[in-house]
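With positions in the sequence shown counted from 1, the corresponding number in this note's numbering is that position plus 243.
No residue lacks a Cβ here, since even glycine has one placed at the ideal position from N, Cα and C.
Everything below concerns the one structure shown next.
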Amino acid sequence: MPTDQIQYSEKYYDDVYEYRHVILPPDLAKYVPKTHLMTETEWRNLGVQQSPGWVLYMQVQLARRKEFTWSLR
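Right, here's the structure in full:
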């Protein structure tokens with residue numbers, strides 16, 4: 244179900260990292276570059292809120308919903 248708000252998953256962990264998924268709504272997803280993973284400054288400028296030091300390591304475009312799901316660690 245699409246929403247106009249940024250959605251955040253609960254955090255989960257492995258032996259090394261803490262993870263969280265972020266889903267961007269279509270109006271923000273259109274600003275995600277296809278050439279590189281965004282830096283912390285870039286995703287913060289979109290309005291994503293995380294404590295300092297999180298790194299975007301994967302992004303998946305959900306084609307039918309035109310949203311992006313990001314994985315941060």
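Measure the CB-CB distance between residue i and residue j and report whether it falls below 8 Å.
i, j, result
"V291", "V259", "no"
If you count every other CB in all the chains shown that lies within 10 Å of the CB of residue i, and 16 or more means buried, which is it?
i, result
"Q250", "exposed"
Cutting at 8 Å between CB atoms, please list the residues of its own chain near residue i, excluding the five before and the five after it.
i, result
"D247", "P268 and D270"
"P295", "E283"
"K254", "E261, Y262 and R263"
If I measure Cβ to Cβ from residue i and keep anything under 7 Å in the same chain, skipping five residues before and after, which residues do I get?
i, result
"Y274", "L289"
"W286", "L299"
Within its chain, find whatever has a CB closer than 6 Å to the CB of residue i; leave out the 5 residues flanking it on each side and keep chain order.
i, result
"S252", "R263 and H264"
* Note down, one range per segment and in chain order, each beta strand (DSSP E) of at least 3 residues found wholly within the region 256-306. => 261-267 and 299-305
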